[in-house]
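J.: So the protein lines, in turn, are chains C and H. Mind the numbering: the first sequence is residues 290 to 509 in the working numbering, read in order. Mind the numbering: the second sequence is residues 8 to 224 in the working numbering, read in order. Please see the structure below; I have some questions.
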Amino acid sequence: MEMTASDLWVLAQAAVISLLMALAAIAFGTLLAVALTPLAFAPWALGRAIYRLYIFVVRGTPVLLLALLVFYALASFWGRISPYAAGIVVLTLYLAALIAEVFRGGVLAIPRPLWDCAKSLGLPRLSILRRVVSPLVARYALPPYLNVCVMAVKASSVLSIISVWELTLASREIIERTLDVYRVLAVAALLYFIMCFAIDRLGRNLESRLAARGFAGERL
Amino acid sequence: MGQYRAWLEAYGAAFLDAAAWTLGVAVAAFVCALLWGAILFFLRLNGGPWAARTVDAYVQLLRNTPVLLPIYLIYFGFPLVGLLWPASICGGLALVAQNGAYICEIFRGGYKAIDRVQHDAAKSLGLMPWTAFRKVTLPQLLVYCIPALGNQAVLLLKDTSLLSAITVVELTMQAKVLTERTGAAYAPFLVAAVFYLFMVWAIEVLTRLAQRGVRWR
C-alpha cells in the first residue's frame, strides 16, 4: 500500500507539533539555563558542585532514559499525566544543561580586561551583569545556542517513545499501516531537514543583523 | 534497604547482561563509524568535486535529521528487500551511518586546523604521499580530533538507548521491562542511569589518556 495525500497532511501536522514541542522546551530551557549559569560561577564550592553534578548527570544519560524516568516518576506521584507535559519537562531539563554550558562558555570568553574596566568604572554588580556581561554573552553564545536549538528539534523525536504524537510517531504509525517505509521516512526526513535548516538560517540572519548594530564577530 | 538488596539479587544479572549489550553495540558501532567517517573524509578530500558534493549532501542530511529515522529506515526497510537481519545489527548500522557523518565533519575540522605549511614541508622533504600522511598529517590530526571524537563516543553511547524502540534489550529497554514487570515506580531507570554515567565517565577518562598519548613531543 502506498501513502496517500492525506498521510502527507498528517505528517505536516505532526511536524508542527514537533516544532512546537521543541520551541516550548527551548524557551523554558533558556530560562532554566539563565538561572543555572550563575551557579557555575558561585563563590561557594557547593554551588559549583551542584552545577557540575547537574550537567554531568543530564548530559551523561540518554534523553530517552530521562524521558522514561520523568514520565514514570511523575506518573507515580500524580497518577496518569500527559506525555506532552512530561515531554516538555524532559526536553527542558536536557536543553537547560546544554544551554547553561553554552552560556558558561560565553562568560569565560569575555576578556579579563573588560571585567577590570567594568569594575574600575565603579559599576554596581547588577549593572555589570546587565550592561557588560549579558550583551557579550549573547554575542559569543549565539552560534552554539543555535546548534542547541537544532538539537532540540532532533531530540523531540525521542519523545515519540513516551507516546507524544509528533513527526516520528506519526511516521511510524503510517509505516506500520502502509508498509511504505521509504516514502514515509523520506518525507519525515525532509520535514526535519527543513525545520533544522530553517532554524540555522534564521539564526545566521540574526547573527549578521546583530553584527550590523555593532556586535561585530570575534573582534573587540 | 533489604528490599533493594533482594531486588538487586533478582535483577542484577539482567542489568549486567543489558549493560553488556549497550557497551557491545556502542563499541562495535563506534569502531565502524570511525572507519566509515574516515572513508567519507577521504572521498571528500580526494574524490573530485562530485564525490565531495555527494559526501556533503549525505553529511548535511544525516546531521539534520534525528537518529530514529535511519534506525526505522533500516529496521523496517531492509526486510522489504529481503534482508532479515537482527534488530541489533540494523540499529547498529543506523548508528554507524549517522555517527560516520559526524566523524567525517570532525576529521574535516581537524584537517583544516593543520597549518598548510606542514603539507608543503612534507612535500619538500620528498616524502611519499602515504609516508607524509602517516608521519605528518595523522599525528596532528589526532591531536585536534581526539577531544571531539571522545564527545562523539559519548553521544553514540547515549544513542544506543534508541535501539530499545526496535526491540533490542539494552539498558533502557531492560529498565523499562523491569519497571513494568515488577511494578517498581522508577527505580530501574535510576539503576540504568548509573550504568550509563559510569560508561560516560570511563569514556572521558579514556579520552584524556588518549589525548596525553598523542600530545606534541
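C-beta: ideal position from N, C-alpha, C; glycine also. These figures come from a predicted structure and were not determined experimentally.
Quick one: does C:Ala477 have its CB under 9 Å from some CB of chain H?
T.: Numbered from 1 along the first sequence, position 188 holds the residue referred to as residue 477 of chain C. At least one chain H Cβ lies under 9 Å of C:Ala477.
J.: Is any beta-carbon of chain B found at less than 9 Å from that of C:Pro351?
T.: Structure shown: chain B not included; protein chains present are C and H.
J.: Measuring alpha carbon to alpha carbon, tell me which of H:Ala104, H:Asn106, H:Tyr79 ends up nearest H:Ala94.
T.: To locate residue 94 of chain H, count along the second sequence from 1; it is residue 87. For H:Ala94, the nearest C-alpha among the options comes from H:Tyr79.
J.: From C:Gly594 to C:Ala430, what does the alpha carbon distance come to, in whole angstroms?
T.: With chain C covering 290 to 509 only, the question about residue 594 of chain C has no answer from this structure.
J.: Is there contact between the stretch 162–173 of chain H and the stretch 350–358 of chain C, where contact requires at least three CB pairs shorter than 8 Å?
T.: Verdict: yes, contact present.
J.: Out of H:Leu90, H:Met206, H:Leu149, point me to the one whose CA is closest to H:Ala120's CA.
T.: Mapped onto the second sequence, residue 120 of chain H falls at position 113. Considering only alpha carbons, the answer is H:Leu149.
J.: Below 9 Å between beta carbons is the criterion; list the residues of the stretch 448–460 of chain C that meet it against any residue of chain H, in chain order.
T.: Ser449, Ile450, Leu456, Thr457, Ser460
J.: Would you tell me roughly how many angstroms separate the C-alpha atoms of H:Leu47 and H:Gly157, rounded to the nearest one?
T.: On the second sequence, position 40 is the one that residue 47 of chain H refers to. On the second sequence, position 150 is the one that residue 157 of chain H refers to. Taking the straight line from one Cα to the other gives about 19 Å.
J.: Within this structure, are the beta carbons of C:Val439 and C:Ser445 separated by less than 9 Å?
T.: Residue numbering aside, residue 439 of chain C sits at position 150 when the first sequence is read from its first letter. Residue numbering aside, residue 445 of chain C sits at position 156 when the first sequence is read from its first letter. Contact: no.
J.: Within its chain, find whatever has a CB closer than 8 Å to the CB of H:Ile210; leave out the 5 residues flanking it on each side and keep chain order.
T.: Residue 210 of chain H sits at position 203 when you count from the first residue of the second sequence. Excluding sequence neighbours, H:Ile210 sits near Gly157, Ala160, Val161, Leu164.
J.: Name the chain H residues whose beta carbon is nearer than 7 Å to that of C:Tyr471?
T.: For the purposes of this step, residue 471 of chain C is taken as the residue at position 182 of the first sequence. Going along chain H in sequence order, the residues near C:Tyr471 (Cβ under 7 Å) are Gly84.
J.: Using 8 Å for Cβ pairs, my map puts C:Val442 next to C:Ile488. What's the rounded Cβ distance?
T.: Your numbering for residue 442 of chain C matches position 153 in the first sequence. Your numbering for residue 488 of chain C matches position 199 in the first sequence. The pair is a contact, with the Cβ atoms about 7 Å apart (cut-off 8 Å).
J.: Which runs of the alpha helix (DSSP H), 4 residues or longer, sit entirely within the stretch 8–68 of chain H?
T.: 9–53
J.: Taking the C-alpha atoms as reference points, what is the distance between H:Gln67 and H:Arg51?
T.: Taking the second sequence and counting its residues from 1, the one referred to as residue 67 of chain H is at position 60. Taking the second sequence and counting its residues from 1, the one referred to as residue 51 of chain H is at position 44. Rounded to whole angstroms, the gap between the alpha carbons of H:Gln67 and H:Arg51 is 13 Å.
J.: Is H:Pro146 helix, strand or coil by DSSP?
T.: As a working mapping, residue 146 of chain H is identified with position 139 in the second sequence. Collapsing the DSSP output to three states places H:Pro146 in a helix.
J.: Using a beta-carbon distance below 9 Å, is C:Arg508 in contact with chain H?
T.: As a first step, residue 508 of chain C is located in the first sequence; it is residue number 219 there, counting from the start. Here C:Arg508 scores only 43 on pLDDT, less than 50, and its place in the model should not be relied on; the value that follows carries that caveat. It does not; no Cβ of chain H falls within 9 Å.
J.: Which residues in the same chain as C:Leu509 place their Cβ atom closer than 7 Å to its Cβ, once the five residues preceding and following it in sequence are excluded?
T.: By 1-based counting over the first sequence, the position of residue 509 of chain C is 220. Caution is warranted here: a pLDDT of 42 is assigned to C:Leu509, below 50, making its placement in the model unreliable, and the coordinate value is therefore given only provisionally. Closer than 7 Å at Cβ, skipping near neighbours: Pro400.
J.: Report the residue from H:Thr214, H:Val198, H:Phe205, H:Ala108 whose alpha carbon sits nearest the alpha carbon of H:Ala20.
T.: One-based indexing of the second sequence puts residue 20 of chain H at position 13. The shortest Cα separation from H:Ala20 among H:Thr214, H:Val198, H:Phe205, H:Ala108 belongs to H:Val198.
J.: So is C:Tyr481 in contact with chain H if we call contact Cβ pairs under 9 Å?
T.: The residue labelled residue 481 of chain C in the question sits at position 192 within the first sequence. Yes, C:Tyr481 counts as interfacial toward chain H.
J.: Would you kindly work out how many angstroms separate the C-alpha atoms of H:Gly107 and C:Leu335, rounded to a whole number?
T.: The residue given as residue 107 of chain H occupies position 100 in the second sequence. The residue given as residue 335 of chain C occupies position 46 in the first sequence. So the two alpha carbons sit approximately 40 Å from each other.
J.: Would you mind reading off the limits of the alpha helix (DSSP H) that contains H:Phe140?
T.: By 1-based counting over the second sequence, the position of residue 140 of chain H is 133. From DSSP, H:Phe140 is part of no alpha helix (DSSP H); its letter is neither H nor E.
J.: Check whether the stretch 373–383 of chain C touches the stretch 355–363 of chain C, taking contact to mean three or more Cβ pairs, one atom from each stretch, closer than 8 Å.
T.: yes
J.: If we call anything under 9 Å between Cβ atoms a contact, is C:Thr457 one with C:Ser295?
T.: Here residue 457 of chain C refers to the residue found at position 168 of the first sequence. Here residue 295 of chain C refers to the residue found at position 6 of the first sequence. C:Thr457 places its beta carbon 9 Å or farther from that of C:Ser295.
J.: Whose C-beta lies closer than 8 Å to the C-beta of C:Ile463 among residues of the same chain, with five residues either side of it excluded?
T.: To locate residue 463 of chain C, count along the first sequence from 1; it is residue 174. Only Met292, Asp296, Val299, Leu300, Asp469, Val473 meet the Cβ criterion.
J.: Since C:Ala324 contacts C:Arg393 with CB under 8 Å, what's their CB separation in whole angstroms?
T.: The sequence position of residue 324 of chain C within the first sequence is 35, counting from 1. The sequence position of residue 393 of chain C within the first sequence is 104, counting from 1. The Cβ separation is near 13 Å, so there is no contact.
J.: Going by the CB atoms, is the gap between H:Ala172 and H:Leu102 shorter than 9 Å?
T.: Indexing the second sequence from 1 puts residue 102 of chain H at position 95. Indexing the second sequence from 1 puts residue 172 of chain H at position 165. It is not a contact, given that the beta carbons lie outside the stated cut-off.
J.: Please report how far the alpha carbon of H:Ala192 lies from the alpha carbon of C:Val391, in whole angstroms.
T.: Numbered from its first residue, the second sequence carries residue 192 of chain H at position 185. Numbered from its first residue, the first sequence carries residue 391 of chain C at position 102. C-alpha separation (whole angstroms): 34 Å.
J.: Cα separation between H:Phe22 and C:Met310?
T.: Within the second sequence, residue 22 of chain H is the residue found at index 15, counting from 1. Within the first sequence, residue 310 of chain C is the residue found at index 21, counting from 1. When rounded, the distance between both Cα atoms is 32 Å.
J.: Residues of the stretch 73–104 of chain H in Cβ contact with chain C at a cutoff of 7 Å, in chain order, please.
T.: If the cut-off is 7 Å between Cβ atoms, the stretch 73–104 of chain H has Pro73, Leu75, Leu76, Tyr79, Leu80, Phe83, Gly84, Leu87 near chain C.
J.: I need the DSSP call for H:Asn71, collapsed to helix, strand or coil.
T.: In the second sequence, counting from the first residue as 1, residue 71 of chain H sits at position 64. DSSP places H:Asn71 outside both helix and strand once states are collapsed to three, so it counts as coil.
J.: Taking C:Ile451 as the reference, which of C:Ala478, C:Ser409, C:Arg420, C:Leu363 has the closest Cα?
T.: The count along the first sequence starts at 1 and reaches residue 451 of chain C at position 162. Nearest option by C-alpha distance: C:Leu363.
J.: Please find out if some non-hydrogen atom of the ligand NAD comes closer than 8 Å to the beta-carbon of H:Ala108.
T.: This structure lacks the ligand NAD; in fact it carries no ligand of any kind.
J.: Tell me, please, whether the stretch 75–90 of chain H touches the stretch 125–133 of chain H by the rule of three or more beta-carbon pairs shorter than 8 Å.
T.: no
J.: Which residues in the same chain as C:Arg466 place their Cβ atom closer than 7 Å to its Cβ, once the five residues preceding and following it in sequence are excluded?
T.: One-based indexing of the first sequence puts residue 466 of chain C at position 177. Correct list: empty, nothing qualifies.
J.: For H:Ala192, which of helix, strand or coil comes out of DSSP?
T.: By 1-based counting over the second sequence, the position of residue 192 of chain H is 185. In this structure, H:Ala192 counts as coil in the three-state DSSP scheme.
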